[in-house]
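In the UniProt record's numbering, the protein residues as written are 1 to 298. One structure is given here, and the rest of the page talks about it.
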């Protein structure tokens, strides 16, 4: 898979298998509001809304969608939209990236009136509807609404708690949202997106062992699978190899330490499980297109 910054929008259909799928939650809330209005804007990321109570109108790319109790609404990146709460409403929602961007923490929530995203295209997520065999409507009912809603609500609770252990599950829940959408609205083979319950422990296990040397065999033994079978199941679920996923987690943690602490580079390399500072710098630059030192200086 390619770890580059995916851009939108292209005339030819994109290949989902070429993208690195690593959800990132930017904001998640359980909004309880009196009648309200968000004026026209375009988002850099995805906005998923569930109407638990009340009535809303979502105006997306020239079409009005009336949203009532039980409706989901997905506004994809670069779609012009306005949102209006006609009545008192309860609308759990999440703003998130689905596709990896090494500079994702630099992205932001669009303010009303922001419609020209040209200066910010380095953060613009591709639209799922630009991929072959995927078409997700703006308004929909899930074929398994209770499961999708529970995933959304758990994600909101965990993200807002700021509890380190609960935050470990947030990326997994973001992946569950992604897979739920593809199962319902993608025409690719279902086997490509089968979630294996036996791998639910992966995000927390790896996050807790980032500083330790881990091999595919170590993870396979933990899952009670052969290394080859584990790698195949892992790739079906996470759309990337176990080794690449682990490296990505290490780089994400290193990025956070580089931007929020004054730890020495050698210490960060050790804390994130890299064999030495040279290995750390090489992998970090390969994934983020900048060295740890240049990031810190910026």
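Where is the CB? At the ideal position from N, CA and C, for every residue including glycine. Quick caveat: nothing in here was measured; it's all calculated off a predicted structure.
Would residue i be called buried (16 or more neighbouring beta carbons within 10 Å of its own) or exposed?
{"i": "residue 191", "result": "Here residue 191 scores only 46 on pLDDT, less than 50, and its place in the model should not be relied on; the value that follows carries that caveat. Exposed, because fewer than 16 other Cβ atoms sit within 10 Å of the Cβ of residue 191."}
{"i": "residue 106", "result": "exposed"}
{"i": "residue 169", "result": "buried"}
{"i": "residue 158", "result": "buried"}
{"i": "residue 288", "result": "buried"}
{"i": "residue 261", "result": "exposed"}
{"i": "residue 81", "result": "buried"}
{"i": "residue 252", "result": "buried"}
{"i": "residue 13", "result": "exposed"}
{"i": "residue 11", "result": "For residue 11, the pLDDT reaches just 49, beneath the cut-off of 50, and the residue's location in the model is therefore unreliable, leaving the point undetermined."}
{"i": "residue 101", "result": "buried"}
Beta strand (DSSP E) containing residue i: first to last residue?
{"i": "residue 84", "result": "81-85"}
{"i": "residue 99", "result": "89-99"}
{"i": "residue 280", "result": "That residue, residue 280, is in no beta strand (DSSP E); its alpha helix (DSSP H) goes 277-288."}
{"i": "residue 66", "result": "63-68"}
{"i": "residue 48", "result": "46-50"}
Among residues of its own chain, excluding the 5 on either side of residue i, which ones have a beta-carbon nearer than 6 Å to its beta-carbon?
{"i": "residue 62", "result": "none"}
{"i": "residue 87", "result": "54 and 55"}
{"i": "residue 125", "result": "45, 77, 97 and 99"}
Check for me: the alpha helix (DSSP H) holding residue i runs from which residue to which?
{"i": "residue 251", "result": "242-260"}
{"i": "residue 292", "result": "292-297"}
{"i": "residue 170", "result": "170-185"}
Under the criterion of a Cβ to heavy atom distance below 7 Å, does residue i qualify as lining the ligand FMN?
{"i": "residue 138", "result": "For the structure depicted, the ligand FMN is absent and the ligand set is empty, with no information on it obtainable."}
Since residue i and residue j are thought to touch, with beta carbons under 8 Å apart, how far apart are those beta carbons, to the nearest angstrom?
{"i": "residue 280", "j": "residue 292", "result": "7 Å"}
{"i": "residue 21", "j": "residue 239", "result": "5 Å"}
{"i": "residue 78", "j": "residue 147", "result": "That pair is no contact at about 29 Å."}
{"i": "residue 171", "j": "residue 203", "result": "6 Å"}
{"i": "residue 231", "j": "residue 215", "result": "Contact doesn't hold; Cβ gap of about 11 Å is too wide."}
{"i": "residue 182", "j": "residue 233", "result": "So it is not a contact: roughly 17 Å between Cβ atoms."}
{"i": "residue 205", "j": "residue 229", "result": "Their Cβ separation, rounded to whole angstroms, is 18 Å, which puts residue 205 and residue 229 out of contact at 8 Å."}
{"i": "residue 210", "j": "residue 244", "result": "Residue 210 to residue 244, Cβ: 15 Å. No contact."}
{"i": "residue 98", "j": "residue 16", "result": "So it is not a contact: roughly 10 Å between Cβ atoms."}
{"i": "residue 38", "j": "residue 83", "result": "4 Å"}
{"i": "residue 220", "j": "residue 213", "result": "15 Å between Cβ atoms; not a contact."}
{"i": "residue 271", "j": "residue 257", "result": "7 Å"}
{"i": "residue 48", "j": "residue 173", "result": "That pair is no contact at about 12 Å."}
Looking only at its own chain, which residues have a Cβ that is under 8 Å from the Cβ of residue i, when we skip the five neighbours before and after it?
{"i": "residue 64", "result": "57 and 58"}
Can you give me the Cβ contacts of residue i inside the same chain, cut-off strictly under 7 Å, excluding the 5 residues immediately before and after it?
{"i": "residue 143", "result": "184"}
The region 70-84 in contact with the region 137-151 per 3-pair CB rule at 8 Å: When Cβ pairs closer than 8 Å are counted between the two stretches, the region 70-84 is seen to touch the region 137-151, the count reaching three or more.
Touch test, the region 34-43 against the region 168-183, Cβ-Cβ under 8 Å, three pairs minimum: no
At least three beta-carbon pairs within less than 8 Å, the region 113-120 to the region 48-65: no
The region 87-98 contacting the region 15-31, beta-carbon criterion three pairs below 8 Å: yes
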